[in-house]
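For the sequence shown, my numbering begins at 8 and goes up steadily by one.
Ideal placement from N, C-alpha and C gives every residue a C-beta, glycine not left out.
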Amino acid sequence: MTNQTMSLAEIITSRRTIHDFIKGQVPDKSVIKEALEMSCWAPNHHLTEPWHFYLLEKETINGICELNKDVLTESKGSDVAEKKTKRWMGIPGWLVVTCEKSNDELLYQENYAACCCVIQNLMLALWAKGIGTKWSTGPITREDRFYDLIWVNPDLENVVGLIWYGYPADIPQTLRKPLQQVLTELP
Ligand SMILES: Cc1cc2nc3c(=O)[nH]c(=O)nc-3n(C[C@H](O)[C@H](O)[C@H](O)COP(=O)(O)O)c2cc1C
8 MTNQTMSLAE IITSRRTIHD FIKGQVPDKS VIKEALEMSC WAPNHHLTEP WHFYLLEKET
68 INGICELNKD VLTESKGSDV AEKKTKRWMG IPGWLVVTCE KSNDELLYQE NYAACCCVIQ
128 NLMLALWAKG IGTKWSTGPI TREDRFYDLI WVNPDLENVV GLIWYGYPAD IPQTLRKPLQ
188 QVLTELP
């Protein structure tokens, strides 16, 4: 089955979180931008369109990898830090999705939900083109220095996810509970 022939059901059910990408194969930026444009058709209450995308290039990626190395060296030692940094440097594509903050708790909850929808749209749009993604919310994405590196004011925006993307070197398998375990039919 080629990507061109995948139905919506096949795209949704075959998409997996990709942990290993083919090194050196960076998807075309125009493809990413097209998928981002499509992903913005996500539902969003009051049409707040609360998302913002940060498409990262070498300088910022290197900064994040260095930051992660520093944090890991302190918490887990230099061997672990070196290994992880090498792995991170090999990830082809980096994108951050943020959500507009609000003091109104309900509004923020709904905005966050809309950002999650936008990310799922994005992951599916990319998967349909053979591009895999990993939505990461690791501790680094909550560091003040991470916000500095992406030039985001943490008082105004919240990082919803660091999205790694690229062509999959391996597609893992995951399972879902049978529907009857998560479905209650009411009279
Ligand atoms: C909000 C959110 C945060 C996630 N953060 C991480 C993460 O930090 N690290 C990771 O390996 N996967 C992360 N994932 C991916 C999930 O682990 C993954 O979706 C789950 O294992 C199911 O696998 P699948 O996406 O292949 O179906 C995250 C997913 C979501 C929705």
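- Task: Report whether the distance from the Cβ of Glu184 to the nearest heavy atom of ligand 1 is below 8 Å.
- Result: Stepping through the sequence shown from its first residue, residue 184 is reached at position 177. The question names Glu, but residue 184 in the sequence shown is Lys. No, the Cβ of Lys184 stays beyond 8 Å of every heavy atom of ligand 1.
- If you measure from the CB of Trp142, is any heavy atom of ligand 1 nearer than 8 Å? Working through the sequence shown from its first residue, we reach residue 142 at position 135. The answer is yes for Trp142.
- Whether Gly168 touches Thr144 by CB criterion (9 Å): Counting from 1 along the sequence shown, the entry for residue 168 is found at position 161. Counting from 1 along the sequence shown, the entry for residue 144 is found at position 137. A contact, by the Cβ cut-off of 9 Å.
- Compare the C-alpha of Leu129 against each of Glu56, Cys47, Leu63 and name the closest. Numbered from its first residue, the sequence shown carries residue 129 at position 122. Closest by alpha carbon: Cys47.
- Just to confirm, does Gly168 get its C-beta within under 8 Å of one of the non-hydrogen atoms of ligand 1? Within the sequence shown, the letter at position 161 stands for residue 168. Yes, the Cβ of Gly168 comes within 8 Å of a heavy atom of ligand 1.
- Does ligand 1 have even one heavy atom less than 8 Å from the beta-carbon of Gly145? By one-based count along the sequence shown, residue 145 stands at place 138. Yes; taking the cut-off as 8 Å, the Cβ of Gly145 has a heavy atom of ligand 1 nearer than that.
- Under the rule that 16 or more other beta-carbon atoms within 10 Å means buried, what is Ala16, buried or exposed? Here residue 16 refers to the residue found at position 9 of the sequence shown. Result: exposed.
- Query: From what residue to what residue does the beta strand (DSSP E) around Thr105 run?
  - Reply: One-based indexing of the sequence shown puts residue 105 at position 98. Run containing Thr105: 100-107, per the beta strand (DSSP E) assignment.
- Message: The alpha helix (DSSP H) that contains Lys30, what's its start and end?
- Response: On the sequence shown, position 23 is the one that residue 30 refers to. Note, Lys30: premise wrong, no alpha helix (DSSP H); not H, not E.
- Just grab the DSSP bridge partners of Ser143 for me. Locating residue 143 in the sequence shown gives position 136, where the first residue counts as 1. BP columns for Ser143 point to Leu169.
- Relative to ligand 1, is the shortest distance from any of its heavy atoms to the C-beta of Thr24 smaller than 8 Å? Counted from its first residue, the sequence shown places residue 24 at position 17. Checking every heavy atom of ligand 1 against the Cβ of Thr24, one is found closer than 8 Å.
- Item | For Leu62, three-class secondary structure by DSSP | Residue mapping note: residue 62 aligns to position 55 of the sequence shown, counting from 1. Strand.
- Enumerated in chain order, which unbroken segments of the alpha helix (DSSP H) with a length of 4 residues or greater are wholly contained in the region 45-91? 65-83
- Task: Tell me whether Thr181 sits in a helix, a strand or coil according to DSSP, three-state version.
- Result: The residue given as residue 181 occupies position 174 in the sequence shown. Correct three-state label for Thr181: coil.
- Quick one: is Tyr61 near chain B, going by C-beta distance under 9 Å? Looking at the structure shown, chain B is missing, and only one protein chain is on hand.
- Query: With respect to the alpha helix (DSSP H) encompassing Ile19, which residues constitute its N-terminal and C-terminal limits?
  - Reply: Taking the sequence shown and counting its residues from 1, one reaches residue 19 at position 12. Unbroken alpha helix (DSSP H) run through Ile19: 15-21.
- Item | Proximity to Lys76 [Cα-Cα], best of Thr92, Glu44, Leu62 | Position 69 of the sequence shown, counted from the first residue, corresponds to residue 76. Considering only alpha carbons, the answer is Thr92.
- Task: Kindly examine ligand 1 and report whether one of its heavy atoms sits closer than 8 Å to the Cβ of Cys123.
- Result: In the sequence shown, the residue the question calls residue 123 occupies position 116. Yes, Cβ of Cys123 sits closer than 8 Å to a heavy atom of ligand 1.
- Message: Please state the DSSP three-state secondary structure of Thr148.
- Response: In the sequence shown, residue 148 corresponds to position 141, counting from 1. Of the three classes helix, strand and coil, the one that applies to Thr148 here is helix, per DSSP.
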